[in-house]
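When we follow this note's numbering, the leftmost residue of the sequence shown carries the number 5, and every step to the right adds one. Worksheet: one structure, shown below.
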Amino acid sequence: MREAFKGIGKIKFEGAKSSNPLAFKHYNPDELVEGKAMRDHLRFSVAYWHAFCGGGSDQFGSATRQKPWDDGSNSIENAQNRVRVAFEFMEKLGAEFYCFHDRDVAPEGDTLAESNKNLDAVVKTLKEEQKRTGIKLLWGTANLFSHPRYANGAATSPNADVFAYAAAQVAKAMEVTKELGGQGYTFWGGREGYKSLLNTDMKRELAHLGAFLNMAVEYKKEIKFKGQFYIEPKPKEPTKHQYDFDTGTVYGFLKANGLENDFKVNLEANHATLAGHTFQHELELAAALGILGSVDANRGDLLLGWDTDQFPTDLYDCTMAMYTLLNAGGFKTGGLNFDAKVARESIEPVDLFHAHIGGMDAFARGLKAAAKMRKDGCFAKFVKDRYASFDAGLGKKIDKGNTNFGELQTYILAKGNPAASPSARVEMLENILNEYI
Ligand code: XLS
Ligand code: NI
Ligand code: NI
């Protein structure tokens, strides 16, 4: 195959003093942090859809990106060639994982059978390239939102045949994910929500979504797919309201449907902010609930209200995310998947490198800063001391579930007013954080 990214070699770590924009300043894959190689902490993944399918179009204009390797056709040959380009890119970048939707990698046919056949043909090339490069599949997924048949949802469509079609598509996507050794499979409810409650039976739609995911779990066992299932929360866009709103909502839904042991969450930074949370809030809650699985690494724009999917460069965000991740024990099956697109104005192939290098360096800095915060232990100690009243006496009984309202009443009536809590030192802690960034 002809080289697609001519003149760009393997991206190397050159250290913070380097001024080469095509080098890592902070991501040094083999460097140990807390006794583990950076590559194994961060598990970087490239999102096939943004990196190799997106062209930069938006509601106001058509595609802008130069892709000299792409003949613009829907042929299998073009799709297979795109796979080779993708692996050349990932190899040069040093990303060890990728993620894809069924319809990113292979063209949709006129029938499901034809689409499946197309997918099989491209999966063959994916498999060859995985073998050639050692790059692995972090997770696969099915696109249940682009085709007009899914305009009213997939598992929550009012049309039972659409539900069946979506099930068949997911079954096939799970099969190929398994075939490619995928470490996970993601469910993002693209249009699982509503535009208007005037035409929506919410109770029924939620029940259908629960049934759909339960059948997916069953099928997973049937085909012996061992990867981790993820749900990716997002509160809105494309629908006005999406049922997988945020981590808290997803957890309640999983519990209500007996699925809490079968799924973890795949958290996307921009989706967290769309839901009115910080990225770290979502990570922290997922960790507390034991469902922290994987991350779609990107960022939104404070001044824009939609899912802009920009590359993550905010050092505070990356540091706080890595702090929560390290505290939670790090990734098991998950990783940092760059679900991010280059700006419409960044039109050259090399921009794809700049974008990913920046994201990888930002998370590498975040990782190192977070490890230092943990080593110094200042925040952890502050938190521990702040809750010390629960470490002994009555507080301990509350923690263990060994008391009741009667006892608490007697206790506090005898004791009188609680003493004021010590200062929470918000500003002092924020100032200390700045010293790590
Ligand atoms: C869209 C989602 C999507 C999922 C995969 O907003 O982030 O890209 O990650 O379907
Ligand atoms: Ni995503
Ligand atoms: Ni997004």
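Note that CB positions come from ideal geometry on N, CA and C, so glycine has one too. If you're wondering where the values come from, they're calculated on a predicted model, not measured in any experiment.
Notebook entry, point to check: For ligand 3, any of its heavy atoms closer than 7 Å to the Cβ of N302?
Noted result: yes
Check: In the structure shown, what three-state DSSP assignment does Q232 receive?
Finding: If DSSP states are grouped into helix, strand and coil, Q232 belongs with the strands.
Next item on the list: Find the nearest neighbour of T337 within the set T190, V127, V109, N120, judged by alpha-carbon distance.
Entry: T190
Check: What residues match up with C103 in a beta bridge as DSSP calls it?
Finding: The partner list for C103 (beta bridge, DSSP) reads A51, W143.
Checklist line | Own chain partners of G334 with C-beta closer than 8 Å, once the 5 adjacent residues on each side are dropped | finding: K40, H45
Checklist line | Contact test: E241 Cβ vs ligand 2 heavy atom, cutoff 7 Å | finding: no
Next item on the list: Whole angstroms is fine: what's the gap from F91's alpha carbon to G65's?
Entry: 29 Å
Item checked: Proximal residues to V166 (C-beta, below 8 Å), its chain only, five neighbours per side dropped -> R153, Y154, N156, G157, A158
Note to self: Using a Cβ-Cβ cutoff of less than 7 Å, which residues in the same chain neighbour Y223 once the five nearest sequence positions on both sides are dropped?
What the structure shows: These residues qualify, in order along the chain: A175, M178.
Next item on the list: Assign N78 to one of three DSSP states: helix, strand, or coil.
Entry: coil
Check: When the Cα atoms are used, what is the spatial distance from L398 to D321?
Finding: C-alpha separation (whole angstroms): 38 Å.
Notebook entry, point to check: Below 8 Å, can you find three or more Cβ-Cβ pairs linking the region 264-273 to the region 294-310?
Noted result: yes
Note to self: Shorter than 7 Å, the distance from the beta carbon of D343 to the closest heavy atom of ligand 3, or not?
What the structure shows: yes
Notebook entry, point to check: Are V37 and A375 touching if we call contact CB-CB under 8 Å?
Noted result: yes
Next item on the list: Could you check how far apart the C-beta atoms of F28 and D318 are, in whole angstroms? I think they sit under 8 Å.
Entry: Actually they do not touch by this definition, with Cβ atoms about 18 Å apart.
Notebook entry, point to check: So T190 is in the beta strand (DSSP E); what residue range does that whole segment cover?
Noted result: 188-191
Next item on the list: Going by DSSP, name the residue or residues bridged to D300.
Entry: E272, N341
Note to self: Need the endpoints of the alpha helix (DSSP H) that C382 sits in, please.
What the structure shows: It spans 382-390 - the alpha helix (DSSP H) in which C382 sits, taken as one unbroken run.
Margin query: Output needed for T277: all residues of its chain with C-beta closer than 6 Å, excluding positions within five of it in sequence on either side, in chain order.
Written below: G304
Note to self: When you compare the CB positions of T467 and A290, do they come within less than 8 Å of one another, or not?
What the structure shows: An answer regarding residue 467 cannot be provided, because it is not within the stretch 5 to 441 covered by the chain.
Checklist line | 8 Å Cβ cutoff met for H50 and F383 | finding: What sits at residue 50 in the sequence shown is Val, not His. No, the Cβ-Cβ distance between V50 and F383 is not below 8 Å.
Next item on the list: Would you identify the three-state DSSP class for A366, choosing helix, strand or coil?
Entry: Under the three-state reduction of DSSP output, A366 falls in the helix class.
Item checked: Member of L330, H285, M326, H360 whose CA lies at the smallest distance from the CA of F315 -> When only C-alpha atoms are compared, the closest one is H360.
Notebook entry, point to check: By Cβ distance, which residues of its chain are closer than 6 Å to G456, with the 5 residues on each side in sequence left out?
Noted result: Beyond the ends of the chain as shown, which are 5 and 441, falls residue 456; an answer cannot be given.
Checklist line | Residue span of the alpha helix (DSSP H) that contains V221, given as start and end | finding: Per DSSP, the continuous alpha helix (DSSP H) segment holding V221 begins and ends at 206-226.
Notebook entry, point to check: Should T328 go down as buried or exposed, given a rule of 16 or more other Cβ atoms within 10 Å for buried?
Noted result: buried
Next item on the list: Output yes or no for whether 8 Å exceeds the beta carbon distance between E100 and F48.
Entry: yes
Notebook entry, point to check: Going by beta carbon distance, what residues of the same chain come within less than 8 Å of N24, once the five residues before and after it are set aside?
Noted result: Once the five neighbours on either side are set aside, the close Cβ partners of N24 are E18.
Check: Below 8 Å between beta carbons: does that hold for G197 and K244?
Finding: yes
Note to self: Cutting at 8 Å between CB atoms, please list the residues of its own chain near A1, excluding the five before and the five after it.
What the structure shows: The question about residue 1 has no answer, for the chain in this structure spans 5 to 441.
Checklist line | Distance between G144 and R43 (C-alpha atoms, nearest Å) | finding: For R43 and G144, the distance between alpha carbons rounds to 21 Å.
Item checked: Inter-stretch contact at 8 Å, needing at least 3 Cβ pairs: the region 75-90 / the region 385-404 -> no
Note to self: Quick check: is any heavy atom of ligand 1 less than 7 Å from the C-beta of E112?
What the structure shows: no
Note to self: Applying the 10 Å Cβ sphere with the 16-neighbour rule, what's the burial state of P237?
What the structure shows: Buried, since its Cβ has 16 or more Cβ neighbours within 10 Å.
Next item on the list: Determine the closest residue to G60 out of V346, C103, L356, with distance taken between C-alpha atoms.
Entry: The shortest Cα separation from G60 among V346, C103, L356 belongs to V346.
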